[in-house]
Each structure stands twice: as C-alpha cells, then as structure tokens.
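>
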Amino acid sequence: MQMPEPDAQLMARKPELVTRLREVLPDDAVIFEEAETRAYECDALTAYRCPPLAAVLPSNTEEVAAVLRICHEMGVPVVPRGAGTSLAGGSLPTADSLILGVARMNEVLDVDYDNRSIRVQTGRTNLSVSGAVEEEEFFYAPDPSSQLACAIAGNIAMNSGGAHCLKYGVTTNNLLGVTMVTMQGDVIEIGGAHLDAAGYDLLGLICGSEGQLGVVTEATLRILRKPEGARPVLMGYDSNEVAGQVVSDIIKAGVLPVAIEFMDRPCIRATEAFAGAGYPDCEALLIVEVEGSDAEIDEQLGVILQIARKHNPVELRESGSAEESAKIWLGRKSAFGAMGQINDYMCLDGTIPVSQLPYVLRRIGEMSKEYGLDVGNVFHAGDGNMHPLILFDANKPGDLELCEAFGADILRLCVEVGGCLTGEHGVGIEKRDLMVDQFAPDDLEIQMAVKDVFDPAWLLNPAKVFPLEASAERRAA
Amino acid sequence: MKPVSESELSEMIVAAEGPFRVVGGDTRPVGRVVDGDVLSTAQMSGVVDYEPGALTLVAQAGTPVSEIKRRLAAEGQRLPFEPMDHRGLLGTSGEPTIGGVVAANVSGPRRVQAGACRDFLLGVRFVDGMGRVLKNGGRVMKNVTGYDLVKLMAGSRGTLGVLTEVSFKVLPTPPSRAVLLIEGLDDTRAVAAMTRALGSPFEVTGAAHMPVGMDGDPVTMIRIEGFTDSVEYRVGRLRDLLSEFGAITVETDPERTAAGWRWVRDVEAFHERAGDVWRYSVKPSDGPALGEALREMGAVAVLYDWGGGLVWALTPQGADMRPAGLRGHATLVRASEETRARLPVFHPEPLAIQKISQGLRDRFDPKGILNPGLMG
Ligand SMILES: Cc1cc2nc3c(=O)[nH]c(=O)nc-3n(C[C@H](O)[C@H](O)[C@H](O)COP(=O)(O)OP(=O)(O)OC[C@H]3O[C@@H](n4cnc5c(N)ncnc54)[C@H](O)[C@@H]3O)c2cc1C
Chain A
1 MQMPEPDAQL
11 MARKPELVTR
21 LREVLPDDAV
31 IFEEAETRAY
41 ECDALTAYRC
51 PPLAAVLPSN
61 TEEVAAVLRI
71 CHEMGVPVVP
81 RGAGTSLAGG
91 SLPTADSLIL
101 GVARMNEVLD
111 VDYDNRSIRV
121 QTGRTNLSVS
131 GAVEEEEFFY
141 APDPSSQLAC
151 AIAGNIAMNS
161 GGAHCLKYGV
171 TTNNLLGVTM
181 VTMQGDVIEI
191 GGAHLDAAGY
201 DLLGLICGSE
211 GQLGVVTEAT
221 LRILRKPEGA
231 RPVLMGYDSN
241 EVAGQVVSDI
251 IKAGVLPVAI
261 EFMDRPCIRA
271 TEAFAGAGYP
281 DCEALLIVEV
291 EGSDAEIDEQ
301 LGVILQIARK
311 HNPVELRESG
321 SAEESAKIWL
331 GRKSAFGAMG
341 QINDYMCLDG
351 TIPVSQLPYV
361 LRRIGEMSKE
371 YGLDVGNVFH
381 AGDGNMHPLI
391 LFDANKPGDL
401 ELCEAFGADI
411 LRLCVEVGGC
421 LTGEHGVGIE
431 KRDLMVDQFA
441 PDDLEIQMAV
451 KDVFDPAWLL
461 NPAKVFPLEA
471 SAERRAA
Chain B
1 MKPVSESELS
11 EMIVAAEGPF
21 RVVGGDTRPV
31 GRVVDGDVLS
41 TAQMSGVVDY
51 EPGALTLVAQ
61 AGTPVSEIKR
71 RLAAEGQRLP
81 FEPMDHRGLL
91 GTSGEPTIGG
101 VVAANVSGPR
111 RVQAGACRDF
121 LLGVRFVDGM
131 GRVLKNGGRV
141 MKNVTGYDLV
151 KLMAGSRGTL
161 GVLTEVSFKV
171 LPTPPSRAVL
181 LIEGLDDTRA
191 VAAMTRALGS
201 PFEVTGAAHM
211 PVGMDGDPVT
221 MIRIEGFTDS
231 VEYRVGRLRD
241 LLSEFGAITV
251 ETDPERTAAG
261 WRWVRDVEAF
271 HERAGDVWRY
281 SVKPSDGPAL
291 GEALREMGAV
301 AVLYDWGGGL
311 VWALTPQGAD
321 MRPAGLRGHA
331 TLVRASEETR
341 ARLPVFHPEP
351 LAIQKISQGL
361 RDRFDPKGIL
371 NPGLMG
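Residue numbers (the numbering used here), protein chains in the order written: chain A, 1 to 477; chain B, 1 to 376.
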C-alpha cells in the first residue's frame with residue numbers, strides 16, 4: 001500500500017506549527033517529541049506505520065476548531081483519530097500530517113431517558129456509552145467486537161456495525177445528531193434529539209465519511225431499553241449450502257433474530273483448539289440469537305428449531321441457562337483471537353447477497369489452495385457481511401503481499417456477485433485501490449466532489465478512501 | 001417528458017436547456033413551485049430483483065408503491081417504514097411511485113421504532129444534472145464502501161439527481177398486532193404515556209395522540225406487533241405499565257387497527273379541511289409545548305405521532321407558523337402557491353449549512369436545472 005510523499009517544506013515548518021498549537025492548547029495536549037509521536041504511528045492495520053509530524057489531544061470543540069484553523073492556514077494535513085482500532089488504516093498518518101486525537105473528549109454531556117437519547121463527546125468508548133445508561137436498563141445498540149476500546153468518533157467515521165445489527169441497524173441508524181468542525185474551523189450542528197433531519201441528510205452523509213469531511217466532536221445517540229432476555233441456539237451442518245439455506249428459511253419464516261453468526265470448519269477447529277467451547281467438528285456452524293421474555297423466546301425458537309431440524313443438523317444445542325448461552329458464544333467471541341494464535345491474519349469484511357453464500361465460500365476455498373494460504377470464515381450471516389481471516393506469516397518475505405493479493409481477489413469476488421468491498425470496517429488505505437472495481441470513474445468523481453464542498457483544500461485525511469491516482473490532482477492543488 | 005430508460009433520461013438531461021420539474025407520480029408536490037418542463041420517472045417501472053430470503057428488493061424508481069406492496073405481501077413481507085400516502089392530505093391524484101417515496105424520505109408511524117425510509121434504503125442509481133449516470137450503495141444490507149450518497153439522495157427531492165433505481169431492506173410482516181387505546185388524556189399526559197411505553201422493553205411500533213379522535217374525544221394509540229403469544233404478553237405488560245393513565249381498551253381486529261394507523265399515517269383528520277398544513281420534527285418531550293404554542297398562534301388542530309416527536313398542525317392560510325425558538329424544524333407541507341413562494345417551505349438553515357447545501361447542488365446540478373429553488 002502506497003502513501004503520498006510527505007511534503008518536505010511542511011515538515012521543515014514543524015517548530016512553527018508546534019509553537020502555534022501550544023498557543024491554543026495546554027502544553028500537555030501537544031505531542032511533538034519523536035519518541036512520543038510513535039504512539040500514533042498506526043492503527044489496528046499494523047502492517048503500515050508512520051509517525052506523524054505531531055499529535056494534539058484537545059479537550060473540547062473550541063480547541064478542535066482552533067487547531068483546525070491553524071492547520072488550514074498552514075496547509076497541514078490532519079488525520080482525525082479516535083481509539084486507533086481501525087482495521088483499514090483509517091487513522092494512519094503521513095510524516096507531514098497532524099494527528100488530531102479526541103481521546104480526551106470522553107464526557108457524557110446529557111442523558112435523556114424520556115427522549116431515548118444520550119449526548120456524548122466523541123472520544124468516549126462505545127461500551128462506556130451503554131455503561132452510562134445501564135442503571136436504567138438502557139443500552140446503545142451498535143456493538144462492534146472492539147467496543148471496549150473503540151470510540152464513538154471512529155464508529156461514526158466508519159459507520160461501524162456489530163453482531164446485533166441485523167435487528168438494530170448500524171451506527172448511521174442510531175445517530176441523531178453531531179457537532180462537527182470543518183477543516184476551515186467552522187463549528188456546525190446537524191440534527192439533534194429529533195428524529196429526522198431538516199434539508200439534506202448531511203448526518204447520513206457524514207456518518208461513514210472516514211474523517212474526510214470534518215472532525216466530529218459531539219454526538220447525540222439513540223438509546224434503547226434493554227430486552228427482557230436473550231437466548232442463542234447453536235446448530236451444526238455438514239455443508240455450507242445447507243447452512244445457507246437454513247439462514248434464508250429462518251428469515252423467510254418471519255422471525256427476526258438479533259444475530260445470525262456463521263463459522264466454517266477451519267474457523268471452528270481453530271477456536272476449539274483455542275477456547276474449547278465444545279463446538280461440533282462440522283462444515284458449518286450457526287449461532288442464532290433471539291430476544292424477549294422467556295415465553296417470547298420460546299415462541300421464536302420454536303419456529304427456528306423446526307426449520308433447523310428439517311435440514312438434518314449434525315448438532316442442535318439449545319441453551320438452558322446463562323452459562324450455556326455464554327458457552328455457545330464463547331467460541332464465536334474468541335474466533336479472532338484463536339486465528340491470531342495460529343498466525344498473523346488479515347481480516348476482510350466484504351458483503352455479499354445472502355443467496356451467494358455457498359458459492360462464495362466454495363470459491364474462497366479454491367483460492368485458498370491456489371494461494372497456499374489458509375483462510376477461516378466467521379461472519380454475520382443474516383446480513384451477508386463476511387469476515388474471511390487469511391492467515392500469513394509476517395516474518396516470511398513476500399507473505400504479506402501474497403495475502404493482500406488473495407484478499408483483493410476475495411473482495412473482487414464479493415463485488416462480482418453483487419456485494420461490496422466493505423460492510424463495516426471502511427475503506428481507509430486498505431481497500432482504496434480496489435474502489436475502481438466497485439465504482440465507475442464518475443461514481444468516484446461525485447464522491448470526491450462532495451469532499452470538495454466540505455474540504456476544498458483536501459487537508460482532512462486526504463490519502464484515504466479514493467485511489468491515490470484518482471485523488472492526486474485534488475491533493476496537489 | 002417520460003423517459004423509458006436511464007440512458008434516455010441521461011440524453012434528455014444532457015440536451016436540456018430549461019429547468020425540469022422532476023416528478024414520480026406527482027402526488028407529493030411539497031416545496032416551492034418549480035416552473036419547468038415536467039420530467040416524469042413513471043415509465044421506468046418494475047421490480048428488478050426481489051429476494052425474500054435475503055430481505056432485499058430492487059425496483060425502478062417509477063414503480064408504483066402499490067405494486068411493491070403487492071409483491072411484498074405475497075411473500076409475507078413489507079416496507080418497514082410504513083410510507084405515508086400524501087394524496088388525501090394534498091388533494092392530489094395519480095399513482096405514488098417508490099422513487100417519490102425515496103426522494104421525499106417518506107416514512108410513517110413505525111418510523112419511531114423501525115427507522116425512516118433512509119434507514120432501509122440500501123442503494124440508488126440516479127442521473128445527475130449533467131446527465132451522468134451514477135450509483136451508490138447496492139443491494140446488500142451492510143455497505144460502508146465510499147461515502148453514503150444513498151442517505152444524501154433520500155429526501156433530496158429531485159434537486160441533486162433524478163432517481164432511476166432504488167433498493168431496500170424489507171422485513172417480514174408480523175402475523176399479529178394489537179393497539180392499546182387510552183381516551184381523554186391531555187397532550188402532556190398523552191406524551192408521558194407514550195414515553196413510558198416507548199421506554200419499555202415491549203417494542204412499541206407506533207405511538208400517536210389525537211387531541212380530537214375519530215369520535216371527537218382525545219385518544220392515545222399504542223401499537224404492538226409480533227407473534228400472537230408475544231403480542232398478548234406485551235399487551236398485558238403494557239396495560240400494567242400504563243394503568244395510571246386511565247382505562248385502556250385493546251383493539252386487535254386487523255381491519256380496524258390497519259384503518260386506525262392509516263388514519264394517523266395519512267393525517268386523515270386534516271383531509272378535506274381548509275387551511276395550511278405544517279409538519280414539525282422535535283424532541284418528543286417538546287411536543288406538547290409546541291402544540292400549545294401553535295394553538296396560541298391560531299392552529300385549528302394539532303396531532304402527534306412518533307411519541308410526540310412528530311407534530312402536524314392545521315393552520316390559518318398564509319400564516320408563518322414557526323414559533324420563535326423552535327428546536328427541531330418545521331415544513332410547510334400544504335399551502336397555496338403564493339404562500340409557498342413567500343414563506344420558506346423547508347426550515348431556514350444556518351449559514352454554514354446553507355453553504356454546504358448550495359455547494360452540493362452546485363456539484364450535482366451545476367446548470368441548476370433539476371427542481372431549481374424547490375428546497376432553497
Ligand atoms: C479486534 C477488532 C475487532 C473489531 N470489530 C469490529 C466490528 O465488529 N465491527 C466494526 O464495524 N468494526 C470493528 N472493528 C474496527 C474498528 O474497531 C472500528 O472501525 C471502529 O469504529 C474504529 O474506532 P476508533 O475510535 O478506534 O477509530 P480510529 O481507528 O481512531 O479511526 C477510524 C477512522 O475514523 C476517523 N476519525 C476518528 N475520529 C474522528 C473524529 N472525531 N471525527 C472524524 N473522523 C474521525 C479516522 O480518521 C479514521 O478514518 C474491529 C477492530 C478490531 C481491532
């Protein structure tokens with residue numbers, strides 16, 4: 001993955017930049033010593049690293065605006081950063097850029113149970129938003145697996161999803177309003193605790209824009225009352241086709257589970273060795289979870305189990321207690337860790353139409369043989385969001401490149417069958433160059449024109465999302 | 001002009017000199033009057049792809065909403081956001097199209113729980129003001145590839161491009177439903193009751209209050225949908241939860257409940273009554289005070305949906321009914337052409353947002369030929 005050449009002239013102006021930043025921020029909020037800027041050299045796509053020119057950690061919207069005005073004036077590129085858990089390189093800096101981290105902005109500003117909303121500073125972590133409303137049995141629905149660490153800022157920028165979004169939607173469906181600072185330093189308010197936007201849906205546009213349109217400093221989020229209970233079932237099948245059919249039949253039967261998770265044999269084996277959850281050794285495993293009161297759960301599971309049985313499962317395990325439920329989820333939740341135990345891995349997240357599942361899994365299996373790299377599949381089957389995990393050895397020369405080529409082929413396959421490159425992780429630098437496989441030149445041009453409106457000088461996170469070649473002219477101007 | 005295909009539409013726009021008034025079924029003429037050649041999407045019609053097992057449907061923009069509903073009903077599914085039919089309220093005729101629903105981001109009572117049209121919209125194809133054929137999103141449920149222009153196009157009312165194809169996430173229609181009815185509450189108590197219901201774990205899919213109900217008395221309506229035993233269970237729990245608000249009756253008859261929510265959805269209480277119609281989106285707890293302020297300003301009737309967060313008002317003709325200090329926003333949905341030329345139909349935007357909106361229009365429609373002036 002290529003990054004643009006840093007601007008040497010800008011780098012030479014580092015002392016001036018630092019001086020000016022320290023005029024508007026407390027001393028400890030400006031980080032410029034080389035040993036310290038290293039902390040910001042990468043996100044969770046750790047194969048790519050580059051320390052920024054400097055980093056700032058403002059504590060409110062006004063400070064963010066002051067920083068952006070300085071950078072705008074000096075022409076310094078700015079890379080917004082939440083918790084740095086992006087898997088796509090979204091918060092990877094360049095050597096001539098400033099990291100603007102919102103980690104210190106983690107306050108809850110207002111909890112409003114009557115209007116089912118919460119207002120937070122965006123540096124707050126995802127899980128601690130739910131934590132803030134737990135005592136009244138409310139929760140914030142989008143639940144990325146990284147929820148302990150990732151910030152609402154990154155969730156909004158990536159439009160993150162989670163295991164429960166089949167029922168509750170992703171970030172964009174649970175975001176009511178934002179305060180955002182434009183690259184020019186203007187503070188704008190969009191939305192609020194009311195349900196629909198006035199004028200154009202700028203809220204929808206900003207969500208998922210990967211830190212390229214503005215820096216989001218505060219957010220109003222929808223909170224929901226917790227369901228009375230939840231219970232999973234586990235089912236094993238001896239073919240991916242059959243498991244795919246079960247998913248489709250459940251959906252057609254009118255049940256809406258909160259989650260339908262799918263694991264294939266390589267992944268089942270790896271997690272069994274790692275976590276010992278007692279999963280059957282079979283081709284395909286499904287975990288289906290439903291919510292409600294006990295009686296409601298029984299009613300829904302009745303329908304689901306009937307469908308499951310019709311397709312001759314090799315295993316069908318209902319949970320009878322909280323411990324059994326935890327055990328059913330244990331393997332799924334340790335899947336990434338388990339794969340990481342075996343080797344380095346790259347996690348993809350292309351989405352496909354659910355009906356294409358068996359075909360795509362078969363093709364991935366064939367490609368795995370061609371490339372000589374193992375791959376395990378664990379994903380949100382209800383919505384077709386795949387997570388192939390390709391194993392490689394970072395210490396073996398050429399293995400990373402091979403793995404990236406394999407990954408690119410899988411993503412092209414997703415697009416080919418009517419899906420897309422990324423369902424929840426974002427484009428960042430990782431899928432930037434594949435954008436031409438999903439979009440025609442005009443489709444990319446109109447998206448870049450949107451960035452022109454918000455950030456005419458292309459200073460905000462400029463080397464992301466669009467193929468470098470496509471954005472070159474704009475970045476140079 | 002009635003193009004039959006995307007490419008023909010593109011050619012028409014490339015060749016165009018004057019402005020276009022872009023319409024689907026022309027049943028929702030909301031916004032400042034546009035003086036231009038009528039450009040209708042009605043001939044680009046038909047369901048392109050429907051996979052009930054994947055909960056996805058793709059249709060050409062001109063497809064009648066009725067046809068889509070029929071196709072979905074045959075598989076026991078529906079558009080979850082319950083789009084309003086504007087014909088009765090606006091006195092229009094014609095066939096509402098799915099493109100029109102998207103262009104105006106039309107939702108109904110279920111929006112409070114399930115989400116709006118924009119939340120179920122997975123992808124769009126459209127032709128912009130330069131005749132470029134563009135696409136964004138797709139037909140899969142999760143997609144964060146590039147900017148979300150799908151949301152931007154929803155509710156842009158033909159000012160950024162002419163929609164040619166739209167794809168949706170759909171949902172199963174639950175087999176059973178019930179409506180709890182409480183009579184005689186004033187607005188504040190009604191919103192309190194709805195707030196309690198919506199803040200419960202019982203998945204309320206509609207919460208509306210009519211200060212003057214079908215039989216003249218105030219009525220508060222709370223809807224539950226789902227499997228039969230589950231609906232019965234939740235009705236029981238909600239009865240207990242809401243007991244302090246007065247006597248509760250429960251309606252489960254499919255026809256009567258459907259008619260009741262259609263009445264709310266389409267604002268039937270204002271049909272064939274003279275006056276302008278304003279629509280307000282506010283924080284639900286601000287609803288009653290807004291209702292009060294509107295009555296003081298002369299509103300003849302007020303109703304509440306979305307637990308108090310959506311307020312409709314029937315008002316004297318020609319009056320500016322935006323109370324000072326309104327938090328949220330107001331839309332003038334029905335008024336004479338003269339009024340719509342004089343009063344901003346959509347809520348005036350702060351300068352910084354105005355600049356962005358205008359900037360977007362300049363990029364998507366540099367010649368200014370698609371519904372110019374309709375939104376500002
Ligand atoms: C183990 C693991 C599991 C994961 N599981 C999931 C999952 O289940 N679902 C999922 O969707 N993702 C998942 N992710 C990916 C990642 O956690 C999400 O993308 C997350 O939202 C990133 O949040 P962050 O705060 O760490 O953002 P960062 O990595 O700091 O930044 C992400 C992007 O947001 C931008 N940004 C940051 N702050 C701002 C701001 N204030 N204003 C504007 N833009 C900003 C950045 O420039 C960057 O482009 C996982 C990651 C890991 C490591």
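Quick reminder that beta carbons are idealized off the backbone N, C-alpha and C, glycines included. The structure presented is a predicted model; accordingly, all values stated were derived computationally and were not measured.
Helix, strand or coil for B/Met-130 per DSSP?
Here B/Met-130 sits in coil by DSSP.
> Am I right that B/Gly-308 and B/Met-210 are in contact with their C-beta atoms under 8 Å? What's the rounded C-beta distance?
Their Cβ separation, rounded to whole angstroms, is 12 Å, which puts B/Gly-308 and B/Met-210 out of contact at 8 Å.
> Of all the CB atoms in chain A, is at least one closer than 8 Å to the CB of B/Phe-168?
No, B/Phe-168 does not count as interfacial toward chain A.
> Confirm, please, whether the CB-CB distance from A/Val-216 to A/Ile-478 is below 8 Å.
In the structure displayed, chain A extends from 1 to 477; residue 478 of chain A sits before or after that span and is not available.
> Who does A/Ala-259 pair with in a DSSP beta bridge?
DSSP, once it has assigned bridges, lists A/Glu-289 as partnering A/Ala-259.
> Could you check whether the Cβ of A/Gly-82 sits closer than 7 Å to any heavy atom belonging to ligand 1?
Result yes, Cβ under 7 Å from ligand 1.
> For A/Ala-66, I'd like the list of residues in its chain whose CB is within less than 6 Å of its CB, leaving aside the five on either flank, ordered along the chain.
Closer than 6 Å at Cβ, skipping near neighbours: Val-24.
> Can you pull the chain A residues whose beta carbon is under 8 Å from the beta carbon of B/Pro-254, in chain order?
What B/Pro-254 touches in chain A: nothing, since even the nearest Cβ is about 16 Å away.
> With a threshold of 7 Å (Cβ to nearest heavy atom), would A/Asn-155 be considered close to ligand 1?
The answer is yes for A/Asn-155.
> If you run the structure through DSSP and keep just helix, strand and coil, what is A/Asn-126?
Three-state DSSP puts A/Asn-126 in a helix.
> Which residues, in chain order, does the stretch 45-56 of chain B contribute to contact with chain A at a C-beta distance below 8 Å?
Going along the stretch 45-56 of chain B in chain order, one finds Glu-51, Pro-52, Gly-53, Ala-54, Leu-55, Thr-56 with a Cβ nearer than 8 Å to chain A.
> Distance check for A/Ala-35 and A/Pro-142, CA to CA, integer angstroms please.
Their backbone Cα atoms lie some 36 Å apart in a straight line.
> Return the residues of the stretch 333-361 of chain B that lie within a Cβ-Cβ distance of less than 8 Å from chain A, sorted by chain order.
Against chain A - using a Cβ distance shorter than 8 Å - the residues of the stretch 333-361 of chain B are Phe-346, His-347, Glu-349, Pro-350, Ala-352, Ile-353, Ile-356, Ser-357, Gly-359, Leu-360.
> Nearest chain B C-beta to A/Ala-193 closer than 8 Å, yes or no?
Output row for A/Ala-193: interface = yes.
> Using a Cβ-Cβ cutoff of 9 Å, what residues of the stretch 134-159 of chain B are near chain A? List them in chain order.
Flagged, chain order: Leu-134, Lys-135, Asn-136, Gly-137, Gly-138, Arg-139, Val-140, Met-141, Lys-142, Asn-143, Val-144, Thr-145, Gly-146, Tyr-147, Asp-148, Leu-149, Val-150, Lys-151, Leu-152, Met-153, Ala-154, Gly-155, Ser-156, Thr-159.
> With distances taken from CA atoms, which of A/Phe-336, A/Gly-418, A/Arg-309 is nearest B/Arg-139?
Cα-wise, what sits closest to B/Arg-139 is A/Gly-418.
> If you follow the beta strand (DSSP E) that A/Met-235 is in, where does it begin and where does it stop?
First-last of the beta strand (DSSP E) with A/Met-235: 230-237.
> Specify, as a first and last residue, the run of the beta strand (DSSP E) that B/His-381 falls within.
Residue 381 of chain B lies beyond the residue range present for chain B, which begins at 1 and ends at 376; the question has no answer from this structure.
> For a test of the three-state rule: what should DSSP assign to B/Leu-326, helix, strand or coil?
Three-state result, B/Leu-326: coil.
> Do B/Phe-120 and B/Gly-161 have their C-beta atoms within less than 8 Å of each other?
Going by C-beta atoms, B/Phe-120 is not nearer than 8 Å to B/Gly-161.
> With which residues is B/Thr-315 paired in a DSSP beta bridge?
In the DSSP output, where bridge partners are listed per residue, B/Thr-315 has B/Asp-276.
> Can you check whether the C-beta of B/Met-375 is within less than 8 Å of a C-beta belonging to chain A?
Yes, its Cβ sits closer than 8 Å to a Cβ of chain A.
> Less than 8 Å between C-beta atoms, sequence neighbours within five positions excluded: which residues of the same chain meet that for B/Val-150?
Within the same chain, B/Val-150 has close Cβ partners Arg-118, Leu-121, Leu-122, Gly-123, Val-124, Asn-136, Gly-137.
> Could you check which residue in A/Val-290, A/Ala-54, A/Asn-385 has the C-alpha nearest to that of A/Arg-22?
With distances taken between Cα atoms, A/Arg-22 lies closest to A/Ala-54.
> If contacts are defined as beta-carbon pairs under 8 Å, then A/Leu-348 and A/Leu-391 qualify, I think. What distance do you get, rounded to the angstrom?
With a Cβ gap of about 12 Å, A/Leu-348 and A/Leu-391 do not count as contacting.
> Between A/Met-386 and ligand 1, is the CB less than 7 Å from at least one heavy atom?
Outside the cutoff, so no.
> Leaving out five residues on either side along the sequence, give the residues of the same chain with a beta carbon under 8 Å from the beta carbon of A/Pro-257.
Excluding positions up to five away in sequence, the list reads Leu-166, Lys-167, Ile-250, Val-288, Glu-289, Val-290, Gln-300, Ile-304, Gly-382.
> Look at the alpha carbon of A/Gly-45 and the alpha carbon of A/Gly-169, and state the distance between them as a whole number of angstroms.
Correcting the residue identity first, residue 45 of chain A is Leu in this sequence and not Gly. Their backbone Cα atoms lie some 25 Å apart in a straight line.
> So, are the CB atoms of A/Ile-429 and A/Ala-463 less than 8 Å apart?
Yes, the pair counts as a contact, with Cβ atoms nearer than the cut-off.
> Which same chain residues end up closer than 7 Å to A/Ala-277 when comparing Cβ atoms and leaving out the 5 residues on each side of it in sequence?
For A/Ala-277, where only same-chain residues beyond five positions count, the Cβ hits under 7 Å are Thr-271, Lys-327, Leu-330, Gly-331.
> Out of B/Val-302, B/Lys-367, B/Pro-372, B/Ala-190, point me to the one whose CA is closest to B/Ala-15's CA.
Among B/Val-302, B/Lys-367, B/Pro-372, B/Ala-190, the Cα nearest to that of B/Ala-15 belongs to B/Lys-367.
> So is B/Leu-241 in contact with chain A if we call contact Cβ pairs under 8 Å?
Chain A contact via Cβ: absent.
> Leaving out the 5 sequence neighbours to the left and right, which residues in its chain are closer than 7 Å to B/Lys-2 when beta-carbon positions are compared?
If we look at B/Lys-2 and ignore the five residues flanking it on each side, its Cβ neighbours are Ser-40, Ala-42, Gln-43.
> Mind checking whether the beta-carbon of A/Lys-464 lies closer than 7 Å to any heavy atom of ligand 1?
Yes, the Cβ of A/Lys-464 comes within 7 Å of a heavy atom of ligand 1.
> So A/Gly-423 contacts chain B; which residues on that side make the cut at Cβ distance below 9 Å?
Under the 9 Å cutoff, chain B gives Val-140, Met-141, Lys-142, Asn-143, Val-144, Thr-145.
> Would you please verify whether the beta carbon of A/Asp-201 is less than 8 Å from any beta carbon of chain B?
Yes, A/Asp-201 counts as interfacial toward chain B.
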